[in-house]
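Reading the sequence shown from the start, the letters are residues 1 to 132 in this note's numbering.
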Amino acid sequence: MMQTEPQPKLSLAEWVTFSIALFILAIIISLVGYIWMNEEDKPPILSVTKKQMIREIDGKFYVPFEIVNTGGETAESVQIIAELQIADKVVETGEQQIDFLSDGEKEEGAFIFSQNPRQGQLTVRVASYKLP
1 MMQTEPQPKL SLAEWVTFSI ALFILAIIIS LVGYIWMNEE DKPPILSVTK
51 KQMIREIDGK FYVPFEIVNT GGETAESVQI IAELQIADKV VETGEQQIDF
101 LSDGEKEEGA FIFSQNPRQG QLTVRVASYK LP
């Protein structure tokens, strides 16, 4: 016959430690599940705005802008294009690329033109992005 040794009984300190660890693990699993269930799979929503102040320095015109992602996912390789039209003709263009823009993130930058943007129509827009 095979004899088995009796299992040692757990002390109160071991039970308390085990209970606390189990409670923390349950909280972590619950939070991960909650985030997973409530996560919205919205695509990036990108909006770019020109700042009101155009600066002139050494004959160059600096046009600041701000881009914001208000969507749910991160956008990568965000391309922003600025076109300056004077007398219905595109006279200058500029291009910016932002590596990534996560949900709620803002980035700022500036386009630099050799002609005064106040003398024509300046269009700043998001041209493209890719998903990670």
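Think of the CB as a built atom: it goes at the ideal place given N, C-alpha and C, for glycine as much as any other residue.
Inter-residue spacing [alpha-carbon to alpha-carbon] between residue i and residue j
{"i": "Ile54", "j": "Ala110", "result": "10 Å"}
{"i": "Ser47", "j": "Arg118", "result": "22 Å"}
{"i": "Glu76", "j": "Thr49", "result": "19 Å"}
{"i": "Phe18", "j": "Gln7", "result": "17 Å"}
{"i": "Glu108", "j": "Gln52", "result": "13 Å"}
{"i": "Leu84", "j": "Ile24", "result": "58 Å"}
{"i": "Gly71", "j": "Asp103", "result": "6 Å"}
{"i": "Asp41", "j": "Ile98", "result": "22 Å"}
{"i": "Lys130", "j": "Glu105", "result": "16 Å"}
{"i": "Ile80", "j": "Trp15", "result": "60 Å"}
Reduced DSSP secondary structure (H/G/I, E/B, other) of residue i
{"i": "Ser46", "result": "At residue 46 the sequence reads Leu, which differs from the Ser that was named. Strand at Leu46."}
{"i": "Leu25", "result": "helix"}
{"i": "Ala13", "result": "helix"}
{"i": "Ile20", "result": "helix"}
{"i": "Ile86", "result": "strand"}
{"i": "Leu31", "result": "helix"}
Neighbour-count burial assignment, residue i, 16 or more Cβ in a 10 Å radius
{"i": "Asn69", "result": "buried"}
{"i": "Gln121", "result": "exposed"}
{"i": "Ile20", "result": "exposed"}
{"i": "Leu101", "result": "buried"}
{"i": "Ile35", "result": "exposed"}
{"i": "Pro43", "result": "exposed"}
Unbroken stretches of the alpha helix (DSSP H), 4 residues or longer, contained in the region 90 to 120 = none
How about the region 77 to 95 and the region 18 to 31: do they share at least three Cβ pairs that are nearer than 8 Å?
-> no
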